[in-house]
Every structure is written in C-alpha cells, then in structure tokens.
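Undergrad:
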C-alpha cells in the first residue's frame, strides 16, 4: 500500500478544492457558460465546509476561470485569459490589503541588486540582481500614504513559476498585481512562514512617507519556506494617521 502523500495533506483544503475544479474546467468536464454545482453540493462532494468552498471559488474568480452573479457561479466563457489577473487586475492590493480601495495604487517590477545587508539572506551573490516589486499607495490629494518594496530570493524565483517568468526583465511599465503570490507559493509545494516586526522610526518625524508630518510606522516582513530559506523580504513604510495597514493571509 502506498504511503500517504504528506506534502499533499498539508496543502490547504481550499487550494485542493480549487485545483479539482480547475482541472474540471480545463478538461471541459464543466463546459464554458455552464453553472457550477451549488456551494452545498460542492461541500458534500469534497467533504469540506462551505467556507472552504467559498474560498476556492474566490480564487477561481481571481483567476477569471469562473464568474458569479445572482443566479450562481458559472464557468467563464471560452476565450477568457486565465493569466490576466496575475498581471493586471482591476485593483492591485498587495501588500496594502483591500482597504486601500479608495486610494490610488502604483506598482512596478524591476530587476536589480538588493541592498547589501539583504544579499546573503536572499541567497544571492554580491551584486547579483533579483526581482523587486514596488508598491505605492496615494491618498485622494496625491500624498504618499504607503510605500512598500519587496525583494525576492533565488529560491523563490527557482521554485515559483509565476515569478520565474519575470526573470531578467529590465522594467515593467504596467501595473503588476502580486496578490496571488501566496497562492502561487502553495501551488509550488512550499509551506510558508511569515514573520513581521512593526516599529516606529527613531528621531524626529520626517517626510519620507507623509508630507504633513504624520506619525509613521515601519513593517518588516520575512517570508520563509519549510527549509527556513527566505522567499520574500518586504519593507512597508506608512503614515499611521491616514493609512490603514491591513494584512490578510491564509496558511
């Protein structure tokens, strides 16, 4: 008798449900335009609760594989581009969270060396470039409410196909959306741990983030895999007075 797949057992249930539905959609077992079974039927089929089904369907909506209206959830029409939301979604929310929806968002990807103190943590050689994601949230008057920069490690670019395709780019002029980043990590078989530290910059208030002298907070995030290797290091600097920092994560 084959031993159970321990790695598969540790994949979140909603990702396993989404994968099963994705396969049905890809092989046209659910035809384009066809209504999917109800949440109740899906929960019984996959032996999970309805919230798990909702999470799986939300992921498929993010991938534009299904659409939902008041009649139910339907397989997307033929010809839809499932990769599109990974590159240009309507409202990029990583890493600011959904509460920046009333603000303006600017995002970019570049390929450059990280700061020297981060080089060894990202398993890079001195001067070796890597993928860098910058995320800026602007208030209604154009003031910067939040700045974030993420550096990705060599293991991240090697293990996560959706990131690997950005290798060697010079600059991305569109609005990259990495909100599915942690889904991508799970799909790559990575079990991730995130650790964050939050602090107030020492000394007098500066205008790095907010020109009105508002207090600032700094968030330093390190995401590692099951082997303790850093996958992503992010620094977030935001105005504590006017910007809400929201971080959503499903293990």
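Numbering (our numbering), first residue to last: 21 to 271.
Note that CB positions come from ideal geometry on N, CA and C, so glycine has one too.
Are the CB atoms of residue 86 and residue 76 nearer to each other than 7 Å?
TA: no
Undergrad: By a C-beta neighbour count over all protein chains shown, 10 Å radius and 16 as the cutoff for buried, is residue 104 buried or exposed?
TA: Its pLDDT being 38, under 50, residue 104 is placed unreliably by the model, and nothing is read from it.
Undergrad: Taking 6 Å as the line, does the beta carbon of residue 210 fall inside it for any heavy atom of the ligand COA?
TA: Inclusion of the ligand COA in the displayed structure is not the case, the ligand content being empty and no account of it being possible.
Undergrad: Short check: CB of residue 168 to CB of residue 256, under 7 Å?
TA: yes
Undergrad: How would you write the range of the alpha helix (DSSP H) that residue 142 sits in, first residue to last?
TA: Element bounds for residue 142: n/a, residue is neither H nor E.
Undergrad: Are residue 130 and residue 157 closer than 7 Å when you measure CB to CB?
TA: no
Undergrad: Considering only C-alpha positions, which residue in the set 124, 178 and 148 is nearest to residue 135?
TA: 148
Undergrad: How would you call residue 37, buried or exposed, if buried means at least 16 neighbouring beta carbons within 10 angstroms?
TA: Buried, because 16 or more other Cβ atoms sit within 10 Å of the Cβ of residue 37.
Undergrad: From the DSSP output, in three-state form, read off residue 58 for me.
TA: coil
Undergrad: To the nearest angstrom, how far is the alpha carbon of residue 165 from that of residue 219?
TA: 17 Å
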